[in-house]
Amino acid sequence: MTGYAAPVRDIRFLLCDLLDVSQQLPGADLSSDIIDPILEAAATFSREVISPLNRSGDEAGCSMPAPGEVRTPAGFREAYQQYCEAGWTSMGCATEDGGQDMPFVLHGLVAEIFSGANMAWTSYPGMSNAAYICLAANGDAQQRKLYLPRIASGQWAGTMCLTEPHAGTDLGLLRTRAVPNMNGSFDLTGTKIFISGGEQDLTENIVHLVLARLPDAPSGTKGISLFVVPKFLHDDDGHLLERNPVTCGSIEHKMGIRANSTCTMNFDGARGWLVGEAGKGLAAMFVMMNHARLGVGISALGQMQAAYQKALAYAEERRQGRAGAGGLGAGPDAIIRHADVRRMLLVQKAYVEGSRALIAWASLQHDLAHRGDAEAGERLALVTPIVKAFVSDCAVECTSLAIQVFGGHGFIRETGVEQHLRDARIIPLYEGANGIQAMDLLGRKVLMDGGERLRLLARDIAGFIEQESGSEQLRPLLSELGSAAKTLDMVTRQIAKSAASDPDLVGSVAVPYLRLCGHVCLAWMWARMAAVGHAKAGSEDPVYADKIATARFYFACLLPEVRSLAVQIEAGSAPVIAVALSHSNH
Ligand SMILES: Cc1cc2nc3c(=O)[nH]c(=O)nc-3n(C[C@H](O)[C@H](O)[C@H](O)COP(=O)(O)OP(=O)(O)OC[C@H]3O[C@@H](n4cnc5c(N)ncnc54)[C@H](O)[C@@H]3O)c2cc1C
Numbered sequence: 005m006t007g008y009a010a011p012v013r014d015i016r017f018l019l020c021d022l023l024d025v026s027q028q029l030p031g032a033d034l035s036s037d038i039i040d041p042i043l044e045a046a047a048t049f050s051r052e053v054i055s056p057l058n059r060s061g062d063e064a065g066c067s068m069p070a071p072g073e074v075r076t077p078a079g080f081r082e083a084y085q086q087y088c089e090a091g092w093t094s095m096g097c098a099t100e101d102g103g104q105d106m107p108f109v110l111h112g113l114v115a116e117i118f119s120g121a122n123m124a125w126t127s128y129p130g131m132s133n134a135a136y137i138c139l140a141a142n143g144d145a146q147q148r149k150l151y152l153p154r155i156a157s158g159q160w161a162g163t164m165c166l167t168e169p170h171a172g173t174d175l176g177l178l179r180t181r182a183v184p185n186m187n188g189s190f191d192l193t194g195t196k197i198f199i200s201g202g203e204q205d206l207t208e209n210i211v212h213l214v215l216a217r218l219p220d221a222p223s224g225t226k227g228i229s230l231f232v233v234p235k236f237l238h239d240d241d242g243h244l245l246e247r248n249p250v251t252c253g254s255i256e257h258k259m260g261i262r263a264n265s266t267c268t269m270n271f272d273g274a275r276g277w278l279v280g281e282a283g284k285g286l287a288a289m290f291v292m293m294n295h296a297r298l299g300v301g302i303s304a305l306g307q308m309q310a311a312y313q314k315a316l317a318y319a320e321e322r323r324q325g326r327a328g329a330g331g332l333g334a335g336p337d338a339i340i341r342h343a344d345v346r347r348m349l350l351v352q353k354a355y356v357e358g359s360r361a362l363i364a365w366a367s368l369q370h371d372l373a374h375r376g377d378a379e380a381g382e383r384l385a386l387v388t389p390i391v392k393a394f395v396s397d398c399a400v401e402c403t404s405l406a407i408q409v410f411g412g413h414g415f416i417r418e419t420g421v422e423q424h425l426r427d428a429r430i431i432p433l434y435e436g437a438n439g440i441q442a443m444d445l446l447g448r449k450v451l452m453d454g455g456e457r458l459r460l461l462a463r464d465i466a467g468f469i470e471q472e473s474g475s476e477q478l479r480p481l482l483s484e485l486g487s488a489a490k491t492l493d494m495v496t497r498q499i500a501k502s503a504a505s506d507p508d509l510v511g512s513v514a515v516p517y518l519r520l521c522g523h524v525c526l527a528w529m530w531a532r533m534a535a536v537g538h539a540k541a542g543s544e545d546p547v548y549a550d551k552i553a554t555a556r557f558y559f560a561c562l563l564p565e566v567r568s569l570a571v572q573i574e575a576g577s578a579p580v581i582a583v584a585l586s587h588s589n590h
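Take 5 as the starting number for the sequence shown in the numbering used here and just add one per residue.
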């Protein structure tokens with residue numbers, strides 16, 4: 005079985021041809037001279053260091069050699085040290101923290117390469133990066149000085165401690181208490197579950213970002229504050245002191261990402277410090293969660309890419325039956341010649357490359373927003389739940405299709421393709437389940453602002469259609485794109501009209517609505533990629549003709565789902581609410 009090969013050519017296509025990032029982000033130095041060696045180095049590290057640990061890590065999982073201690077699988081620690089030494093942990097961090105201040109559009113696509121090679125391993129530094137962003141946005145000067153350079157270098161890790169046994173989606177129910185001390189610190193007591201990297205053996209210290217309640221806090225989400233709780237206490241210069249009473253009680257045994265520790269964390273009067281304002285913890289944590297949502301969309305893309313690669317290689321090798329009318333020669337044909345296998349591979353290719361384009365575009369909006377472009381910030385807010393939920397749903401579908409390409413061999417662990425489905429399956433669940441993302445999109449991002457953000461996206465798409473209207477070759481795609489955008493506008497208006505009088509409407513239609521939005525975004529990306537392909541007609545590089553052909557497949561075979569989604573949405577809440585569902589009825 006061939007090893008993981010990073011999709012460097014496609015990433016270059018997006019950065020240089022589609023988005024022209026060096027023009028879009030002047031001063032960031034994203035010339036090919038900078039981008040190419042970074043992508044090549046990421047490809048080498050992923051191929052040589054972490055991809056070889058993917059299967060063994062899955063087989064071994066994490067273990068607890070002694071109470072409170074977690075051991076990651078063999079090789080993880082050494083790989084992490086190499087990763088830190090090569091400077092990958094600090095790629096997106098600010099220069100004053102020892103980082104390289106690379107734009108997210110590059111950093112995010114490099115993260116895809118690492119995730120595709122080994123999602124469980126990559127989730128350790130991924131979580132630290134999210135903690136860095138949260139502390140950079142919300143920490144005071146002392147906290148930033150202490151924690152940011154250490155997280156940027158990879159010396160210390162970060163975690164996100166929200167979930168409790170009775171408080172998952174509904175964080176307003178959380179009970180962890182923070183009692184103030186005379187010296188300005190707090191003692192935290194409570195239990196957090198499912199904490200990724202809550203304990204590990206990769207770093208000398210772990211900085212937990214914990215949501216908890218002050219004694220006089222109101223109930224619900226308004227009473228939640230954010231605290232930083234280090235595993236080892238430290239002096240003002242970061243020298244480690246005694247162990248803080250925050251310990252790992254157990255680790256979960258999971259379907260996927262088995263090499264990433266998922267910990268029950270017990271806070272037994274653990275010393276912590278307030279981050280940001282009291283009572284504003286959830287808003288502070290949302291900085292981290294929004295970033296993490298893009299991050300998990302990126303890891304979903306990595307899993308789709310890795311599974312697709314395996315399926316493609318297998319379909320070229322495996323010989324069964326005769327393809328088409330009569331086939332060729334005496335022997336059986338490679339299964340890639342069968343139309344249905346081609347269809348399965350093309351579904352994967354179209355979702356993988358379309359999602360990568362969407363993620364690259366969203367990451368560019370992130371960078372533009374950081375430079376003060378308010379509209380880019382609005383675009384990013386709109387597409388973040390789409391990147392998280394649409395891309396992770398596609399990842400589950402595509403990794404399952406990759407298994408289908410392998411036939412029964414895909415079900416056998418030895419071929420390695422089933423791990424991608426098991427690993428990808430967590431992504432629709434964590435960082436806000438996909439159903440919640442859909443309600444965030446429809447309820448908060450679309451209806452609550454009167455459709456303003458959606459109109460911005462509609463204007464972007466209409467502007468592109470107008471700009472390309474002279475292109476004879478693109479005309480059919482532009483017409484379908486325009487009609488999908490119109491369908492989205494129509495269903496949005498229908499929902500907006502009825503939502504106030506039907507309290508079940510948003511919940512009933514949010515998931516098909518998000519999928520419809522995902523298709524409109526992907527159709528826009530595929531039409532843009534096809535436009536680049538046409539502009540480069542005659543080039544010897546096959547990537548351009550390949551984009552045109554794949555765009556045609558996407559428009560012919562996948563985008564039509566928009567029509568059935570619209571029908572589902574038009575049916576409203578009645579079919580969902582009418583059936584009496586009860587366990588006791590069965
Ligand atoms: C491997 C793994 C790693 C994790 N890592 C972390 C971590 O690092 N830090 C952390 O804090 N947490 C972490 N989590 C927790 C994760 O974020 C939660 O599991 C997730 O938020 C969902 O919460 P829940 O499991 O309690 O499900 P529930 O909230 O009980 O939801 C169950 C189902 O009901 C639906 N639902 C719930 N409420 C509503 C509603 N109001 N409207 C409509 N539908 C609703 C959900 O969409 C879901 O389908 C992790 C979980 C796992 C499995």
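Just so you know, even glycine gets a beta-carbon here, dropped at the ideal spot from N, CA and C.
> Counting pairs of Cβ atoms below 8 Å between the segment 255-264 and the segment 207-219, do you hit three or more?
Replying inline: Judged by Cβ distances under 8 Å, the segment 255-264 makes no contact with the segment 207-219, as fewer than three pairs qualify.
> What number of angstroms, rounded off, separates the C-alpha of A263 from the C-alpha of W365?
Replying inline: C-alpha separation (whole angstroms): 31 Å.
> Since T491 is in the alpha helix (DSSP H), which residue starts that stretch and which ends it?
Replying inline: Run containing T491: 479-503, per the alpha helix (DSSP H) assignment.
> Which stretch, first to last residue, makes up the alpha helix (DSSP H) that contains P129?
Replying inline: Its alpha helix (DSSP H) spans residues 123-142.
>> Check for me: the beta strand (DSSP E) holding T268 runs from which residue to which?
In response: That run of the beta strand (DSSP E) goes 266-279.
>> Using a 10 Å radius around the Cβ and a threshold of 16 neighbouring Cβ atoms, would you call E452 buried or exposed?
In response: The amino acid occupying residue 452 in the given sequence is Met; Glu does not appear at that position. Around the beta carbon of M452, a 10 Å sphere encloses fewer than 16 other beta carbons of the protein chains shown; the residue is thus reported as exposed.
> For G201 versus M131, is the C-beta distance shorter than 8 Å?
Replying inline: It is a contact, given that the beta carbons lie within the stated cut-off.
> Counting only runs that start and end within the segment 300-326, where is the beta strand (DSSP E) found for 3 or more residues in a row?
Replying inline: List check, beta strand (DSSP E) in window: nothing returned.
>> I'd like to know if the segment 395-413 and the segment 422-430 are in contact, where contact means that at least 3 CB-CB pairs between them fall below 8 Å.
In response: These segments touch.
>> Using a 10 Å radius around the Cβ and a threshold of 16 neighbouring Cβ atoms, would you call T173 buried or exposed?
In response: Its Cβ having fewer than 16 others within 10 Å, T173 is exposed.
> If we count the other Cβ atoms within 10 Å of its Cβ and call it buried at 16 or more, is K490 buried or exposed?
Replying inline: With a threshold of 16 other beta carbon atoms within 10 Å, K490 falls short and is exposed.
> If you compare alpha carbons, which of E456, L482, G455 is closest to G467?
Replying inline: For the residues E456, L482, G455, the minimum Cα distance to G467 belongs to L482.
>> Quick check on H170: buried or exposed, where buried means 16 or more other Cβ atoms within 10 Å of its Cβ?
In response: H170 counts as exposed, since fewer than 16 other beta carbons sit within 10 angstroms of its beta carbon.
> CB-CB under 7 Å to N248, same chain, minus the five flanking residues each way: which ones, in chain order?
Replying inline: Hits under 7 Å: V233, P234, K235, F236, L237, A274, R275.
> In or out: N58 buried (at least 16 other Cβ within 10 Å) or exposed?
Replying inline: Buried, since its Cβ has 16 or more Cβ neighbours within 10 Å.
> Since N142 and V279 are thought to touch, with beta carbons under 8 Å apart, how far apart are those beta carbons, to the nearest angstrom?
Replying inline: Confirmed, about 5 Å.
> Between the Cα of D240 and the Cα atoms of K449, K196, Q147, Q313, which residue gives the shortest distance?
Replying inline: Checking every option, the nearest Cα to that of D240 belongs to Q147.
> Which stretch, first to last residue, makes up the alpha helix (DSSP H) that contains K235?
Replying inline: Here K235 belongs to no alpha helix (DSSP H), and DSSP marks it neither H nor E.
> Closer than 7 Å: is that where the CB of D371 sits relative to any heavy atom of ligand 1?
Replying inline: Shortest gap from the CB of D371 to any heavy atom of ligand 1: 7 Å or more.
> When you compare each of C561, L244, V547, G576 to R497 by their alpha carbons, which one comes out closest?
Replying inline: If we check each option's Cα against that of R497, G576 comes out closest.
>> Please determine whether the Cβ atom of F49 lies at a distance below 7 Å from any heavy atom of ligand 1.
In response: No.
>> Using a 10 Å radius around the Cβ and a threshold of 16 neighbouring Cβ atoms, would you call Q324 buried or exposed?
In response: When all chains shown are included, Q324 counts as exposed.
> Residues in its own chain within less than 6 Å of R519 by CB, not counting five upstream and five downstream?
Replying inline: Within the same chain, R519 has close Cβ partners L569.
> What whole-angstrom Cβ distance do L316 and L349 have, given they're in contact under 8 Å?
Replying inline: At roughly 6 Å, the Cβ-Cβ gap stays under 8 Å, so L316 and L349 are in contact.
> For ligand 1, any of its heavy atoms closer than 7 Å to the Cβ of Y136?
Replying inline: Y136 Cβ: outside cutoff for every heavy atom of ligand 1.
>> Pop quiz: P389 and D444 are said to be a contact at Cβ under 8 Å. What is the actual Cβ separation, rounded to whole angstroms?
In response: Contact between P389 and D444 holds, with the beta-carbon distance rounding to 5 Å and staying under 8 Å.
> To the nearest angstrom, how far is it from the Cα of F559 to the Cα of V583?
Replying inline: If I take the Cα positions, the gap works out to 35 Å.
> Quick one: Cα of R13 to Cα of V495, how far?
Replying inline: Approximately 38 Å, taken between the alpha carbons.
> For K226, does the count of other Cβ atoms within 10 angstroms reach 16, so buried, or fall short, so exposed?
Replying inline: Under this definition K226 is an exposed residue.
>> Could you check whether the segment 50-68 touches the segment 14-29, counting it as contact only if at least three pairs of C-beta atoms, one from each stretch, sit closer than 8 Å?
In response: Taking a contact to require three or more Cβ pairs closer than 8 Å, the segment 50-68 and the segment 14-29 do not qualify as touching.
> Using 8 Å as the Cβ pair cut-off and three pairs as the minimum, do the segment 79-98 and the segment 123-140 touch?
Replying inline: At 8 Å Cβ cutoff, the stretches touch.
>> For the alpha helix (DSSP H) containing C525, name the first residue and the last one.
In response: Where C525 is concerned, the enclosing alpha helix (DSSP H) stretches over 509-539.
>> Between G412, W92, L245, which has its C-alpha nearest A45's C-alpha?
In response: It is W92.
> What is the residue span of the beta strand (DSSP E) that D245 lies within?
Replying inline: One detail in the question is off: residue 245 reads as Leu in this sequence, not Asp. Secondary structure note for L245: its beta strand (DSSP E) is the uninterrupted segment 244-247.
>> At a cut-off of 7 Å, would you count M164 as near ligand 1, judging by its Cβ distance to the nearest heavy atom?
In response: Yes, ligand 1 has a heavy atom inside 7 Å of this Cβ.
> Is K501 buried or exposed, if buried means 16 or more other CB atoms sit within 10 Å of its CB?
Replying inline: Flag for K501 reads exposed.
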